[in-house]
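Some notes on the structure that comes next.
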Amino acid sequence: MFNFSPNTAILAILAACAHGHGVLNKPSPRITGPVQKALCGSAVTTALEKDIAGPIEDALAKADANYKCNAYLCRGYQYEDNLDNVKVVSVGDNLVFHVDLIAGHHPGWANMSAVDLGTNTLIGDALKTWDEWPISGSNEDIDFNVTIPDSLRTPCNEPGKCVLQWYWWSNSNKQTYESCLDFYVEA
Ligand SMILES: *[C@@H]1O[C@H](CO)[C@@H](O)[C@H](O)[C@H]1NC(C)=O
Ligand SMILES: *[C@@H]1O[C@H](CO)[C@@H](O)[C@H](O)[C@H]1NC(C)=O
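Positions -20 to -1, 1 to 167 (mature numbering (1 follows the signal peptide of the UniProt record, and there is no 0)) are the ones given, in order, by the sequence shown.
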């Protein structure tokens, strides 16, 4: 007997749609590497890599005893794995970003902030906030820019001190999406 069940296919599609998906794709954000694998464990790292635009919570569901990083800071991606991808900026520079929104039927809010990597705290106010994200039909969700304020000059004066973190919290399914870009402000 022919065994194909259309219901199985439909269920698979529905399961895929239950998650939002989003990731910064321009400029290229932080990625994984051996330092992350050592700190976060391969179970969590593999889960994050299977779905680079997926929610952090899904990967954390796989956490085992080797999980010793903080996946909520840049998805656990590490500066040491991204030494070749540190953006050099000046105060007043305008950086243009593009987010790949793969599935976005899960409204929440988003922001782009500078994060102090030493303390995992935000530096000043968010550089950009969206009270509602994504707003259907708006390109401002996925194509936006931020201007580097003077307040980042001192705390972010060397590589490895700061990232710009794009953060989307999907309220309806309680999931977190993040992308980070290493940067420093040149004197
Ligand atoms: C921005 O996102 C951070 C997470 O990086 C969150 O803790 C903070 O509350 C958000 N800020 C605003 C103004 O929404
Ligand atoms: C930056 O964003 C603003 C809207 O927030 C827009 O008016 C402006 O054209 C953008 N600039 C660039 C260089 O993309």
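By construction, the Cβ of each residue, glycine as well, lies at the ideal position given by its N, Cα and C atoms.
Residue 1 vs residue 33 beta-carbon contact at 8 Å: yes
Residues bridged to residue 78 [DSSP beta-bridge criterion]: 6, 123
When 67, 46, 63, 28 are compared against residue 52, the one with the closest alpha-carbon: 28
Beta-carbon contacts of residue 156 that lie in its chain and below 8 Å, excluding the five residues immediately before and after: 35, 36, 37, 52, 147, 148, 149, 150
Closer than 7 Å: residue 124 CB and nearest ligand 2 heavy atom: yes
Status (buried if at least 16 other CB within 10 Å, exposed otherwise) for residue 63: exposed
Beta-carbon separation (whole angstroms), residue 11 vs residue 80, contact threshold 8 Å: Actually they do not touch by this definition, with Cβ atoms about 14 Å apart.
Neighbourhood of residue 39 by C-beta distance below 6 Å, restricted to the same chain and skipping five residues each side: 24, 27, 28
Beta-carbon proximity list for residue 71, same chain, < 8 Å, skipping 5 on both sides: 128, 129, 130, 132, 133, 165
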